[in-house]
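Written out below as structure tokens is the structure these notes cover.
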Amino acid sequence: MTLFVDTSVWSLALRRDAPVDAPEVGALTAALLGGESLVTTGLVLQELLQGFAGPRARKQIIERFAALPLIVPDRRDHIEAAEIRNTCRRKGLQLGTIDALFAQICTRHDLLMLTADRDFHLAARHIDLRVWSARNPRH
């Protein structure tokens, strides 16, 4: 199973100011140590670089992400992401534009999303999205 790790998990895992005991970070660590397949997209990298300050943090993030395969969304992904966002909105869930694109990438490439963002768990009730859960890690 290939994992798509959302910005929320990477952000928690890369923090240096406090230990993080989130189960999602544990799952990321286990996946990295176990040699599991992980992928990302440029928007995750961009969000991380925007959220961390300093050239040292920037350099470390760029170096770590260089080893990950990068999925580049195409026109179809953007069209389908808009439909995902509209579907969620009709169900009362305001999924952000970038989050809808992440959901589309996972759906299209049959990826398991690892996220600490509750909105993805809620969205998975209405769209074809598989989200990692501590109760069912291989969902």
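Everything in the sequence shown is counted per the numbering used here, starting at -10 for the first residue and increasing by one. The C-beta atom is built at its ideal place from N, Cα and C for all residues, glycine as well. Predicted model only: the values in this text are computed from it and were never measured.
**Contact belief for V(-2) with A105 at Cβ below 8 Å, rounded distance in angstroms** = With a Cβ gap of about 5 Å, V(-2) and A105 count as contacting.
**Asked** Cβ of L118 less than 8 Å from any chain C Cβ?
**Response** The structure shown contains no chain C, having only a single protein chain.
**Asked** Can you name the residues that DSSP bridges to L3?
**Response** Among the bridge pairs identified by DSSP, L3 is matched with none.
**Asked** Who pairs with L175 in a beta bridge, going by DSSP?
**Response** As displayed, the chain neither begins before -10 nor continues past 128, which places residue 175 out of reach and without an answer.
**Asked** Does the region 53 to 63 come close enough to the region 14 to 31 that 3 or more CB-CB pairs lie under 8 Å?
**Response** The region 53 to 63 and the region 14 to 31 touch, with three or more beta-carbon pairs separated by less than 8 Å.
**Prompt:** How many angstroms separate the CA atom of A2 from the CA atom of I73?
**Reply:** Taking the straight line from one Cα to the other gives about 28 Å.
**Rounded distance between the beta-carbons of L101 and L(-8), thought under 8 Å** = Sure, about 5 Å apart at Cβ, within 8 Å.
**Message:** If you reduce the DSSP assignment to three classes, tell me which class I116 lands in.
**Reply:** Three-state DSSP puts I116 in coil, outside helix and strand.
**Prompt:** L17 and L103 look like a contact to me (Cβ under 8 Å); what is the Cβ gap, rounded to whole Å?
**Reply:** Cβ atoms of L17 and L103 come within 8 Å of each other, at about 6 Å.
**Item:** Same chain, Cβ closer than 7 Å to D66, neighbours up to 5 away in sequence not counted
**Value:** Excluding residues within five positions, the ones whose Cβ falls inside 7 Å are L90, Q93, I94 and R97.
**Request:** Please determine, among A70, I116 and R107, the residue with the shortest C-alpha to C-alpha distance to S122.
**Result:** Measuring from the Cα of S122, the nearest candidate turns out to be R107.
**Message:** Looking only at its chain, what residues have a beta carbon closer than 8 Å to the beta carbon of D117, apart from the 5 residues adjacent to it on each side?
**Reply:** Excluding five sequence positions before and after D117, the CB atoms of its chain that fall closer than 8 Å to its own CB belong to T96, given in chain order.
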